[in-house]
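The sequence shown begins at 21 in my numbering and counts up by one.
I have placed the structure first, in the form of structure tokens, so that the comments after it can refer back to it.
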Amino acid sequence: METKRWTIHSDEMNNHAIEEAAELLRNGQTVAIPTETVYGLGADATNEAAVSRIFQAKGRPEDNPLIAHVASKQQLLHLVDTLPPVAEKLIDAFTPGPLTFVLPENGTCARNVTAGLSTIGVRIPSHPVAQALLKACHTPIAAPSANISGKPSPTTADHVWNDLHGKIAGLVDAGPTGVGLESTVIDCTQEIPVILRPGGITREQLERECGTVMVDPALANTAEKPKAPGMKYTHYAPDVPMWLVDGDCANLQAVIDREQQQAKRVGVMAGDNTAAGLKADKIVSLGSDLPDIARNIYDTLRLFKNEDIDVILCETFPETSIGQAIMNRLQKAATAYISE
Ligand code: AMP
Ligand code: MG
């Protein structure tokens, strides 16, 4: 299949591209679209055949439900059975934005969107191109991250192209995404909301708005079964093995030296301060603060593929604010954890 690619510059909306992409979506085709978190692979959420094309293109396990994207709160209300007061409060505070609500569903979306669950994950993205597309489609769009299942999520259109060209009908390129990690998934079907996946909106932000928020115990304890089916799968894995290394700069350098002595070529990804104090075969600075680091992680995980590196070492980060989502993704991407 030929993949059509459009480019939209941030300073002007390309209405022609939006209309062509929306038409493909309305006709049951798959189109990769930019959002403020990562690029999503979209299809009409009310069309079962269209949704199954997403699973095929990504190689995604069919028991992993998709997030339905809508343009507004009003459109979200068409997909759900009830809207608990706590969900309404969080919708009013954080949408449009990187927060996905798990709510009782009402059968509007195709069965394969929810993977047979009685709940649905719904999100109102804030990215202007995603908003324009959703408005032009007049239908909810199911959209998981637009990568081959198990690989790092795409934060640029080139990442999508490398993984999926020839397998999808279209790709709307609007430059790099903003947050760089996926949305927070919050289950609002219980009295106290539960974070099923940490992401762009932090626990601290949520608690300021609605009081106590729980975190799915499976996120900290791998023996528990996660409530978001997708959280049980290997994810975000780079093509080169990545190890997380706890401790300070000296500790990281000791691991680099040890591996190099065994004739391994060692790549490192670390925050600016740590990176500046290290010597290795390739060092990538992720940025100086947690939001910067979040933005750069997926691109960096992909970057080492062509660098003739045998192992990537990555430093650990504090699990405060977006640091929770950063460490969740790094732990899933890593094949080993080295502590002091
Ligand atoms: P992705 O679209 O790849 O960013 O992944 C979406 C995440 O949301 C996965 O971890 C899914 O398992 C989770 N998810 C989607 N819908 C639901 C739902 N109804 N209940 C629980 N988790 C969900
Ligand atoms: Mg994904």
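Every residue, glycine too, gets a C-beta built ideally from N, C-alpha and C.
Between which two residues does the alpha helix (DSSP H) harbouring residue i extend?
i	result
S72	E68 to K78
G343	G343 to A353
L99	It is not in any alpha helix (DSSP H) - L99 carries neither H nor E in the DSSP assignment.
T134	R131 to T134
V275	C269 to Q281
D312	L310 to L323
Is any heavy atom in the ligand AMP found nearer than 6 Å to the beta carbon of residue i?
i	result
G250	yes
T139	yes
N67	no
V51	no
I87	yes
E202	yes
N84	yes
V235	no
V205	yes
V122	yes
Do residue i and residue j have their C-beta atoms within less than 7 Å of each other?
i	j	result
L154	R25	no
E68	A156	no
L44	D64	no
V286	A295	no
T102	P85	no
L216	D207	yes
P222	S359	Note that residue 222 is Thr in the sequence shown here, rather than Pro. Contact flag unset, no.
A189	V304	no
L145	P105	Per the sequence presented here, residue 145 reads as Pro, with Leu not at that position. Cβ atoms of P145 and P105: not closer than 7 Å.
A88	V133	yes
If you follow the beta strand (DSSP E) that residue i is part of, which residue opens it and which one closes it?
i	result
Y289	First, the residue type needs correcting, since residue 289 is Met and not Tyr in the sequence shown. First-last of the beta strand (DSSP E) with M289: V286 to A290.
E335	V331 to E335
N121	In the sequence as displayed, the identity of residue 121 is Phe instead of Asn. Taken as a continuous stretch (DSSP letters only), the beta strand (DSSP E) holding F121 covers L119 to P124.
L191	G190 to D193
I28	From DSSP, I28 is part of no beta strand (DSSP E); its letter is neither H nor E.
L44	Unbroken run through L44 is the alpha helix (DSSP H), N35 to R46; no beta strand (DSSP E).
A52	V51 to I53
V304	K302 to S305
L61	G60 to D64
A91	Here A91 belongs to no beta strand (DSSP E), and DSSP marks it neither H nor E.
State yes or no: is the beta carbon of residue i nearer than 7 Å to at least one beta carbon in chain C?
i	result
A300	You won't find chain C in this structure, because it holds only one protein chain.
Check your reading: residues with Cβ closer than 6 Å to the ligand MG heavy atoms | P164, S165 and S173
Taking the runs of the alpha helix (DSSP H) that are 4 residues or longer, which of them lie wholly in the segment 200-267?
-> 223-230
Enumerate, from N- to C-terminal direction, the unbroken alpha helix (DSSP H) stretches of 4 or more residues contained entirely within the segment 142-197.
-> 148-157 and 177-184
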